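One structure is given here, and the rest of the page talks about it.
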Amino acid sequence: MEMLRNENLIDKAIRLDKDIKSKKKELDEIKAELQSEGLKELENKNMKYVQFYGDNGSCEVLYKQKLEIENVNTLKEIFGNVIDNKIKTVQEIKYDIESKFKKALISLYVGDYKEHDLDTLLTSLGLDDDKKKVALKKLKGEYAADKKVLESLGAVDEDGLEEELDIIREHKNFELVSKYIDINAIDDTLKKQIQRALSIEDTLTLGLTYEK
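Here the sequence shown stands for residues 0 to 211, numbered as in numbering that gives the first Met the number 0.
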């Protein structure tokens, strides 16, 4: 009896393993197709984030950047002593970068920062003064989180807030970069220094959002 029970458990485990592998393969194929469609949208609209909707949830496709430091001394020439507090040397000469400073470096490297009038933008989305104050405090330059904030405040737009979210991200990146360096001091020479000191690798990511 015990042997029969073990055989049944083994057969069940094999069936489940096969089913999981089959479903994973199917899911990977669907995700790859969604990424391909998302990439087309991102390139057509010159955006970094796009969201698709289904009956049971949504799918987000976005670019993420991986940052590597090539020459920390060049960064010290640009940012000065702030580097000592924002970047730590770990074993194998790897650098542990504070998250906000890392985001600022990526924005500076790719030129993904620009000053915008967020007050006017929020007004165009139908927000009154009180809601604008709330929005300005909560918006962080992160697509999914910012979209939830705007929608919770009643902001409406025909394109699903795509352009507005991109503008907000650019402005928040501008504010972040401005914390560490004088924007007016950024010229071609400094940009070349940054490009010598860092390397950036773009990766396309996909996320699924649904009720669990």
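Ideal placement from N, C-alpha and C gives every residue a C-beta, glycine not left out.
The structure presented is a predicted model; accordingly, all values stated were derived computationally and were not measured.
Please confirm whether residue i and residue j have their CB atoms less than 8 Å apart.
i: Ile199; j: Gln34; result: no
i: Ile166; j: Leu203; result: no
i: Lys85; j: Ile68; result: no
i: Ala103; j: Tyr48; result: no
i: Thr208; j: Ser57; result: yes
i: Gly37; j: Leu205; result: yes
i: Glu217; j: Asp83; result: For the chain, the structure presents residues 0 to 211; residue 217 sits outside this window and is missing.
i: Ile193; j: Tyr108; result: yes
i: Phe173; j: Glu114; result: yes
i: Leu175; j: Lys99; result: yes
i: Ala143; j: Glu59; result: yes
i: Asp201; j: Tyr62; result: yes
Among the residues of its own chain, which have a CB less than 6 Å from the CB of residue i, if the five just before and after it don't count?
i: Ile105; result: Gln64 and Leu66
i: Lys130; result: Leu152
i: Lys87; result: Asp95
Within its chain, find whatever has a CB closer than 7 Å to the CB of residue i; leave out the 5 residues flanking it on each side and keep chain order.
i: Asn70; result: Arg195 and Ala196
i: Leu160; result: Lys146, Leu149 and Ala154
i: Lys101; result: Leu66
i: Val133; result: Leu152
i: Leu73; result: The amino acid at residue 73 is misidentified as Leu; the sequence shows Thr. Excluding residues within five positions, the ones whose Cβ falls inside 7 Å are Gln192, Arg195 and Ala196.
i: Val81; result: Tyr179
Does DSSP put residue i in a helix, in a strand, or in coil?
i: Asp83; result: helix
i: Glu59; result: strand
i: Val176; result: helix
i: Gly159; result: coil
i: Glu200; result: strand
i: Asp10; result: helix
i: Lys17; result: helix
i: Asp27; result: helix
i: Asp165; result: helix
Quick one: what's got a C-beta closer than 8 Å to residue i's C-beta in the same chain, skipping five residues either side?
i: Gly125; result: Gly153, Ala154 and Val155
i: Asp118; result: Lys131 and Leu135
i: Ile77; result: Ile180, Leu189, Gln192, Ile193 and Ala196
i: Lys171; result: Leu138, Lys139 and Gly140
Give the range of the beta strand (DSSP E) segment to which residue i is assigned.
i: Tyr108; result: That residue, Tyr108, is in no beta strand (DSSP E); its alpha helix (DSSP H) goes Ser98 to Val109.
i: Asp129; result: First-last for Asp129: Asp128 to Lys137, but that is the alpha helix (DSSP H), not the beta strand (DSSP E).
i: Val49; result: Tyr48 to Tyr52
Could you give the residue range of the alpha helix (DSSP H) that holds residue i?
i: Glu150; result: Tyr142 to Ser151
i: Leu124; result: First-last for Leu124: undefined, no H or E at that position.
i: Ile182; result: It is not in any alpha helix (DSSP H) - Ile182 carries neither H nor E in the DSSP assignment.
i: Glu76; result: Val71 to Phe78
Counting only beta-carbon separations shorter than 8 Å, does residue i have a partner in chain D?
i: Ala184; result: The structure shown contains no chain D; it is built from a single protein chain.
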